[in-house]
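Structure first, then comments.
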Ligand SMILES: Cc1ncc(C[n+]2csc(CCOP(=O)(O)OP(=O)(O)O)c2C)c(N)n1
Ligand SMILES: Cc1ncc(C[n+]2csc(CCOP(=O)(O)OP(=O)(O)O)c2C)c(N)n1
Ligand code: SF4
Ligand code: SF4
Ligand code: SF4
Ligand code: SF4
Ligand code: SF4
Ligand code: SF4
Ligand SMILES: [Mg+2]
Ligand SMILES: [Mg+2]
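Protein chains in written order, with my numbering: chain A, 242 to 317; chain B, 242 to 317; chain C, -13 to 238; chain D, -13 to 238; chain E, 173 to 353; chain F, 173 to 353; chain G, 18 to 374; chain H, 18 to 374.
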């Protein structure tokens, strides 16, 4: 399960999350969504670098991002 | 000419001037005026003690008092 | 042998020489006189336009010998704004009671002040709605019984007396804001100075000027004029601190 | 072998899971979320009644899963007063823009605060009338060009931006008044705390609570969401100081 | 049978109180009544007038153009209102405060009583109004004296009930000074 | 002679601009015109439509129930508005954004043009609207191409006048792609 | 307490409201209705209700909107200028389908005017002074007893039809005292439940939303028709009027409230003088008693409408009477010393009685 | 510049006001009239006038009152809810005999409603929504050219009769664009001097007082009659309407503003279809063109009144027509997607054309 899930249909491409992410992992994608906006994405590789700090989600005006953290105890 | 002239018809007998006069010269009279109020008066003798400080006039809500001062130069 | 008498106190010419409808001991009359004194002082009677509000002072035009516009209840500052913008060279003042200015007229006075309109605002605070028979006003003191606070103003249900001079002073647009009283000769002197300064601000185009005057309403307080005047010093001044809260042109 | 994932950020349940009509980068959505978080935090979604104002946030009921009353423009605090007095046990909050609260609604917010109504007031200051297309508001910054200040706000004609959080704090009836922003994670955290505290004041019947939130209106500012968010920090915060101006229950 | 009366004096003379008293007395007698006050602009002093109608039928207008009875307690009221009274109307005038003549109503049934002096006799100048209403009731029979007296506790504030006996005396004095219709 | 046309697309396609252009061209020809815009609720994106009437007589209603001509620039507009067109109406459809078929209007004089591609050929995707209005003018003769071109300086903001030549090319391209009525 | 007391009209309104179960009052001082808030500030405290002296009439009407939205019986009272300020709020209440009582003890206008008895707010109340297509129930008491009874009725009608109700009177009816029998009131058992009132969602899955904003295709038009249908129902069911001497009348005198009260005596005088004059008084101004006027003018073709204004209700009378009936008007716009007397109206009656239709 | 320009109705109002010499504008934002303040904030700065975006509609109307009291031409503009808030101020202006222009670009209601074209404020404007007996001039433009011309006319009439003027339109007329010829305007030479305007007493011994308070015996009544006489003069002199195909009409379609604009096309369609249908449009709503309706119904006994509401102007039509004329009504209360089409109205025409009177 990915740590960061972006609801691309809800995303309005405002890009605020792209500046909120301390690691710069969130990036505007190239393809319009049904609303006609360019949603953001976090690539597979970048996801590994994600610390689940949720700052991207915090700043999102459209609550389009949910974040999970991998449990300490859990083995992956 | 008296130093203090009270327009008895204009006076509403509120008595504020009686407490304003440092010498206590202004007193409520006994007879109603046409408005049905008891106007204030300053007796002939009291007038002599009047310093023309005009505090009675200053406090009068109905601007019923005018005050004059005897010119230094003038002989009486 | 002649004696010379020099007038030390006379009725201002801007104030008509007629009987007022005010109750005995009502200090509207006195505040009218101080306002007229200020007009005389600057010689602006001929160029002044007064804006009357709705309250016991509604008959402004009966007493001041100037042009007057009557404003709806609470709207004097808006009406005065229209007047001043249409006649920038005239001196425009408003005269409002506490119900008029601090209740229904809250928005108009705050925004006129905030716009920095070149107006002089005289505000007579007698802690009640005088003309309508003495209801609770935003300025009514805690515990004060009125027609609509029969058990006395209960701050938990009715809120607190509002201090307008401070509220106005806090607005960037306001240039001058003071609170004075007319309960004794010393305070009357201060009040006269403050009102004159408030006109000076306009005459010299220095900005919006506001003067709150604490006054007695013997009739609705159910007191004699003397008791009522007492109360101003004993109860009002302790809550409504006298002073200059803003005087942009001056030091403060 | 299993992996466990614990949610660290999820949509609050008080907030419906639907698309909003807000423009990209409009921070109403974010402020809605923080408000919903506070309801969830105190578990009061079921007992809360929201009072919507007229502005881009007029669709409050579309986004919050609670009972809502729509108020006329500027009157939300009066409507909320009626609601709270009729249902003292419910949690009542208002949500207003700066045109709604600081212009036409000046009187209602000031007197609701002054009466110390047990209400939570959320005030979104985006320095313009968003819904009507970007006119000058009482909060518009000096020099800011808008639809009705084409040459930029001229403080001499149009007056100064009004600082509502300070005005409210100055009223005896108000218990809590703060100004926050949502332009970066740190400020968002602060904003969330402030809104939660404002609900706490009501839940614990401690008095009237007011939260001014500085927000971006990219559309009417004619900026990209990023530029607009920049402006909040660069231009708004310097004029509209962030901070807690009153916190009666706390130390301040 | 319908009785209408117009009373006028200056504030403080207790006109409105006896207007209420008369109306209440009517109610106690199971009659229909209306009481309509009107004051001057001034808050202190100034004129006080009221119109009271007591009737066996439903009361229509509470304002009467030409009242069939008048109680005039001061000079100003005489000058302002006497002309309105209906020809032949009974009119009680307070001679203590109203000069002789000065009007052209030969067509009225005028009765002048020195009400202030009479009140002073009873030891309280404020009793002018009670004497007036006593005289009116007796003269017109609009209500009985007993009803008037009974109504006192309805219209006087609790704290003034101790004055009821004195008021009763005043009502009787007023009644004694006029003849039945 | 009266020409009415209904145009629809999404915001940003420049529908309202060519509506104004057509109306202004009519004015330059001394005709009576009306232009009536209507937008969706959304502030950004959303639908944009307008109705333009160009006539030798006085223009009555600026809103037409069944327009005699339609310019449909995107799929949503087709679905929402095609049904409204008057039987036999000429309807230009932007095939770049609108799928084949998907409607039951066999009674229309349909013309599908790949407007976006054509605009790209001219080097600017924003020219879709100018190509459209050029095609419309030629096909219906509501106004002359010259009037349209002349009106450009009236409706384009000063700063965009440098683009007039390009817009003229687009109008001509549109005109060239349809036949006279 | 059901014995007869001597009570002023304004107080009767306040007593009626409390009898009707109204526990929330929001107002702002204005003459000549000040007795109402004065009484309410006392009594509501006693019975554990809410009295708020608001900062303005606008705040009052919006507090009323908020309280009504919660389903409680609530009211405000004011006088003419204050009622003008409430027009936006009243339009919102109507658009939001909220009940609630607005009492207007009219004073003379326009503008500041004066405080004398006036009927110049008829248009504002009946044609509705706010924006948009809406109606309010309008009741016009003509006695102290009616001030009490119609106040109670207005709460019942307002709840039933989900429409604000306006009680329209003036200083004549408001300040006069008459015998009042204050019968205890109990809301009709068939009043619809307020299943639209906001309470917080507790125990419900659906939201309750009190609003007047409708943006969906066709929504607002349908909403307007819905309000219109309710008004039509009201017209069909709730017209009320008082008629007297109508059977054989050759001239019918009409008017409402205080004017009717004075006219009634004039009509009685006319009858004593042997003139066949009838009397027809609308008790409900909206719904206007069209049926009563249509019926009465089947036979009598002459009417005289008396109002304390320059001619307002007379328009509704003309719209209601038989087509061949003549409606004359006699008006005394309000002001100091301008209250007509019965004698004066009798003259008018004689004047028009003579004339042929 | 008198050549034809393509201009929106709202802008035409602003241009007309400036052409009429109006240099003082006071307003508050509201859709769909926002183009007016936007244009004024630009132009008035340019020509050295005053533009104030007030804190509210109430402040705006009172600023207008103040400016008008000084004798300058001034205006405010708003839309329905905002106009409701101005009712007290309008009543004060009327009571104080002040001219001044109030523009209402109506939106749909009641309450918040929506921003679609609406005619539901007819009663508020024509019967006057404020308190007291007063009238305002009400003009209803139906084209962009009329938006310009009637704005100028409203200033002239307002000054002549010392009455506020209301320009009543909606988003259809306000947002549509048409060819406008902006003829320069010059006030009629016979306008009375504003010898009542406050200026400061300089050079005068008498005070000038702009007020609406009259307490003297009989004063206020006389003041009311004075205002009434002026309204009667206005009725006698200033009724305006547009008529078409009336001579041989068997059915007359009437309506004002946007509805009339749509109806006009329907009437043309009907004529093409060979139906003898006429068209009569009130241009002045107050004074209502009673004469034109009385005259037109001497011959034609069937009318169809079309409005964007549930029936308001139709009452004035019924009060104006010959007694034996039948007035049918077709309403489309406002809302998204509720604007009637000419085709739709043609159907209504056919429906009523058939019916016998
Ligand atoms: C819109 C409106 N609301 C209410 C009133 C009634 N009214 C007349 S004067 C007044 C207030 C008087 O109090 P204040 O302003 O304090 O003046 P004061 O008489 O105490 O000097 C009120 C509420 C009114 N005339 N208009
Ligand atoms: C009485 C009234 N006046 C004006 C309007 C028009 N109006 C709608 S929203 C709005 C203000 C929007 O600005 P703001 O309150 O700052 O909210 P925002 O859209 O910026 O969030 C206005 C003036 C109205 N609906 N009602
Ligand atoms: S959770 Fe933190 S690290 Fe991960 S994408 Fe979001 S902001 Fe970047
Ligand atoms: S902040 Fe939200 S809406 Fe904006 S780009 Fe990121 S995910 Fe999309
Ligand atoms: S002038 Fe001074 S001293 Fe003389 S009476 Fe007045 S107060 Fe007293
Ligand atoms: S202060 Fe003035 S009014 Fe009062 S008693 Fe003295 S003179 Fe008379
Ligand atoms: S009521 Fe009060 S304020 Fe009014 S005149 Fe009397 S004392 Fe002065
Ligand atoms: S206009 Fe401004 S406030 Fe309104 S939704 Fe768009 S960005 Fe947000
Ligand atoms: Mg006061
Ligand atoms: Mg805003």
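Even glycine gets a Cβ: it sits at the ideal position worked out from N, Cα and C.
Given the structure is predicted, the values throughout are model-derived calculations rather than measurements.
- Residue 69(G): member of the beta strand (DSSP E) spanning 67 to 70, first to last residue.
- Restricted to the region 57 to 132 of chain G, the alpha helix (DSSP H) segments that are unbroken, complete and at least 4 residues in length are 74 to 86, 97 to 102, 104 to 112, listed in chain order.
- Along the region 65 to 80 of chain D, the positions whose C-beta sits under 7 Å from a C-beta of chain G are 65, 66, 67, 68, 69, 71, 72, 73, 76, read in chain order.
- Here DSSP, grouped into helix, strand and coil, assigns residue 182(H) to strand.
- For residue 58(D), the C-beta contacts it makes with chain G under 7 Å involve 79, 105, 106, 109, in order along the chain.
- Annotation note: the region 219 to 296 of chain E contains the following uninterrupted alpha helix (DSSP H) runs of length 4 or greater, listed N- to C-terminal: 247 to 253, 287 to 293.
- Residue nearest to residue 270(A) within the set 280(A), 263(A), 262(A), 261(A) is 280(A) (criterion: CA-CA distance).
- Within 7 Å of the C-beta of residue 36(D) there is not a single heavy atom belonging to ligand 10.
- For residue 60(H), none of the residues of chain F pass the 9 Å Cβ criterion, the least Cβ distance being about 18 Å.
- Neighbours of residue 72(H) in chain D, taken as residues at a C-beta separation under 8 Å, are given in chain order as 89, 90, 92, 124.
- Under the three-state reduction of DSSP, residue 134(C) is assigned to coil, being neither helix nor strand.
- Within the region 311 to 360 of chain H, the beta strand (DSSP E) runs of at least 3 residues that lie entirely inside it are, in chain order, 319 to 324, 343 to 348.
- Contact annotation: residue 276(H) and residue 314(H) have beta-carbon atoms that are not nearer than 8 Å.
- The region 128 to 148 of chain D and the region 219 to 231 of chain C do not touch, with fewer than 3 CB-CB distances between them shorter than 8 Å.
- Taking the Cβ of residue 114(D) as the reference point, at least one heavy atom of ligand 10 falls within a distance shorter than 7 Å.
- Taken atom to atom, the span from the alpha-carbon of residue 274(H) to that of residue 164(H) is near 10 Å.
- Distances from the alpha-carbon of residue 269(G) to those of 69(G), 91(G), 123(G), 367(G) put 367(G) closest.
- With the rule of 3 Cβ pairs closer than 8 Å, the region 129 to 148 of chain G counts as touching the region 135 to 148 of chain H.
- Among the residues of chain D, none has a CB under 7 Å from the CB of residue 51(C); the nearest is roughly 33 Å distant.
- In this structure, the CA atom of residue 198(F) is about 16 Å from the CA atom of residue 178(F).
- Below the 7 Å Cβ cutoff, chain C contributes no neighbours of residue 270(B), its closest Cβ being approximately 14 Å away.
- Between residue 302(H) and chain D, the shortest Cβ-Cβ separation is not below 8 Å.
- Among the CB atoms of chain D, one or more fall inside 8 Å of the CB of residue 48(H).
- Between residue 137(G) and residue 188(G), the C-beta gap is not smaller than 8 Å, which leaves the two residues out of contact.
- From the beta-carbon of residue 136(C), the residues of chain G found nearer than 7 Å are 58, 59.
- Counting the other CB atoms within 10 Å of its CB gives residue 100(G) a total of 16 or more, which places it among the buried residues.
- Collapsing the DSSP output to three states places residue 23(C) in a helix.
- With fewer than three CB-CB distances shorter than 8 Å, the region 193 to 207 of chain E does not count as touching the region 190 to 208 of chain D.
- Annotation note: the region 106 to 161 of chain C contains the following uninterrupted alpha helix (DSSP H) runs of length 4 or greater, listed N- to C-terminal: 141 to 144, 150 to 155.
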